[in-house]
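Report on the structure given below.
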Amino acid sequence: MLRTATTPGRAANLRVLDVGVIGQQDGRVQVTQSMPGEVPAGNDAVLHLADLQRGEELRRTDKAVTVAGHWQGHDVVAKQLTSSERHWVRRFAHEVAAYQAFAATPPPWRTPRLHYAGRTMLIIERLPGAPPHTDRYPPRLPETTVTGMIDALTTFASWQPPPGPLRAPATDWPARIRRYVAAGDLPADHQQALLEAVAGAPVLFGHGDPLTSNALAIKHGPLTYIDYEFAGLYPGGADLALLGLWLSRHDPDTEQRCAHTAEVAGYLRGYQAMRVLWIAREQRLYQTLFDTVDDQDHRHWLDDQAATAITALRKAARRA
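Numbering (my numbering), first residue to last: 415 to 734.
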């Protein structure tokens, strides 16, 4: 039995380098002297740079502060890492590397231009649009928004990233499966089916964190994603499975749309396996962070989703 979870929406703020400072001059990105070390969390002055004209604060979490502003004549978004945890330092560095990879090998979707990056700060182009919603489990969204998100994730999966960090597996999935089984988060009798489904899925580029708060929607034009902290190679269907999980809390039909998209693309079994894994991760995440919050409706909903996902995986394994 998969473990239960709590509180939809509370984890929407979980957004949240050890590299030299990168500054843009004459249209080029150049490496200069590295920035100072850690910056205290919650310090309102952390985004103090001579060339940055600070504007409105866009987001503040326990991991980072993000503000709008102007940088050398450009509308930008500045993100300051405020956590010293190794995981978030590595994720921040990975996001910088992603923007550098996009500059070297432009993908077939619009990405922000990297203007500046340091150990704890990055400044990127501010793209038009706004997040469709900021909740982890948003209310029912307009059909055009859902279509835009699915289309964006499908485009990600069709892109071949250049050699480097974006062509590395996002995580060791077999090791995660075994760890979850050992911890009691997944039924032991489904370990082999999960291992086989993940191993048999195509390895494709994915965003890794397709929250609605990480998307930018505009009235006329394609929806795009930002925040590439978790971008990398995933089993085919991983992004769609995660999006389908989050959206289906208040719009069950979206999960079927995501599953159908994966089936048409030829990686339905990978989608089904990743749905099981994402649900297990979601339950672990909520149990760890919000175990003092009681939300029986969401607990029961996640239980139902876990049972349905396991059943679908079992049926797929029998047909294989």
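Quick reminder that beta carbons are idealized off the backbone N, C-alpha and C, glycines included.
Quantities reported herein were computed from a predicted structural model and do not represent experimental measurements.
Residue i versus residue j: straight-line alpha-carbon distance, rounded
i, j, result
"residue 731", "residue 573", "29 Å"
"residue 585", "residue 578", "15 Å"
"residue 676", "residue 627", "23 Å"
"residue 537", "residue 490", "6 Å"
"residue 722", "residue 729", "11 Å"
"residue 610", "residue 687", "9 Å"
"residue 629", "residue 590", "27 Å"
Span of the alpha helix (DSSP H) around residue i
i, result
"residue 660", "652-662"
"residue 642", "No alpha helix (DSSP H) contains residue 642, which DSSP labels as neither H nor E."
"residue 507", "500-518"
"residue 667", "667-679"
"residue 587", "587-597"
Test item: CB-CB of residue i and residue j under 8 Å
i, j, result
"residue 690", "residue 727", "yes"
"residue 571", "residue 650", "yes"
"residue 595", "residue 602", "yes"
"residue 618", "residue 515", "no"
"residue 658", "residue 668", "yes"
"residue 762", "residue 640", "Residue 762 is absent from the structure shown; the chain starts at 415 and stops at 734."
"residue 682", "residue 566", "no"
"residue 551", "residue 663", "yes"
"residue 531", "residue 645", "no"
Top-ranked residue by Cα proximity to residue i, from the options
i, options, result
"residue 599", "477, 717, 729", "717"
"residue 485", "604, 477, 463", "463"
"residue 479", "545, 487, 494", "494"
"residue 497", "589, 518, 475", "475"
Three-way DSSP call (helix, strand, coil) for residue i in this model
i, result
"residue 711", "helix"
"residue 582", "coil"
"residue 536", "strand"
"residue 468", "strand"
"residue 728", "helix"
"residue 573", "coil"
"residue 607", "helix"
"residue 631", "strand"
"residue 568", "helix"
"residue 638", "strand"
Endpoints, beta strand (DSSP E) assigned at residue i
i, result
"residue 480", "478-485"
"residue 531", "528-531"
"residue 649", "646-649"
"residue 492", "488-495"
"residue 618", "617-620"
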